[in-house]
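Engineer: Residue numbers (this note's numbering): 551 to 704.
Even for Gly, the Cβ is constructed at its ideal location relative to N, Cα and C.
Every value quoted in this text rests on a predicted model; they were computed, and no experiment measured them.
(1) With a Cβ-Cβ cutoff of 8 Å, do residue 614 and residue 642 count as a contact?
(2) May I have a chain-ordered list of the alpha helix (DSSP H) segments no shorter than 4 residues that lie completely inside the region 642-677?
(3) When you compare the CB positions of residue 661 and residue 649, do they come within less than 8 Å of one another, or not?
(4) Does the distance from the CB of residue 626 to the CB of residue 588 come in under 8 Å?
(5) Would residue 644 be called buried (16 or more neighbouring beta carbons within 10 Å of its own) or exposed?
(6) Would residue 608 and residue 573 qualify as a contact pair, given that the criterion is a beta-carbon distance under 8 Å?
(7) Tell me which same chain residues have a C-beta within less than 6 Å of the C-beta of residue 560, skipping the five on either side of it?
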């Protein structure tokens with residue numbers, strides 16, 4: 551007899567699936583932010599923690615808190631990328647954030663580099679589900695030309 555234990559904590563597949571909803575949905579953002587703060591262990595989990603930390607800036611009206619959330623998340627994400635520069639998923643997270651944050655925040659200097667890196671390395675990811683999720687997200691984001699999408703989706 552096999553018993554399955556459903557952990558209350560972190561489900562990385564859920565986090566990945568809901569990644570792009572965190573900016574718009576405050577409840578979802580807070581839920582993931584809290585869970586990831588407590589549970590994130592791996593570089594990728596910490597990358598999503600950083601992203602949801604930055605997303606929290608969108609859900610507060612206090613300008614000081616906004617900058618604190620944003621800068622705290624940015625610092626955490628950059629640390630993960632510095633320590634794991636060849637991690638496709640971390641570079642995907644940064645690409646998405648930098649692509650969409652307002653220019654005045656000055657956090658957009660890696661868009662070209664990350665876009666090319668993800669395009670040239672996504673196919674090497676061993677996890678097919680994550681690869682498909684990232685591909686479909688980027689395809690929907692309209693960041694890539696059709697030729698680039700063909701490379702991305704190989």
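Structural biologist: Per the coordinate set shown:
(1) On the chain shown, residue 614 is found 64 positions in, with the first residue counted as 1. On the chain shown, residue 642 is found 92 positions in, with the first residue counted as 1. No, the Cβ-Cβ distance between residue 614 and residue 642 is not below 8 Å.
(2) Within the region 642-677, the complete alpha helix (DSSP H) runs of at least 4 residues are 661-671.
(3) Your numbering for residue 661 matches position 111 in the chain shown. Your numbering for residue 649 matches position 99 in the chain shown. Yes, these two residues count as a Cβ contact at 8 Å.
(4) Position 76 of the chain shown, counted from the start, is the residue given in the question as residue 626. Position 38 of the chain shown, counted from the start, is the residue given in the question as residue 588. Going by C-beta atoms, residue 626 is not nearer than 8 Å to residue 588.
(5) Here residue 644 corresponds to residue number 94 of the chain shown, with the count starting at 1. Per the 10 Å Cβ criterion, buried.
(6) Residue mapping note: residue 608 aligns to position 58 of the chain shown, counting from 1. Residue mapping note: residue 573 aligns to position 23 of the chain shown, counting from 1. Yes. Within cutoff.
(7) For the purposes of this step, residue 560 is taken as residue 10 along the chain shown, with counting starting at 1. Closer than 6 Å at the Cβ level, and outside the excluded window around residue 560, lie 585 and 589.
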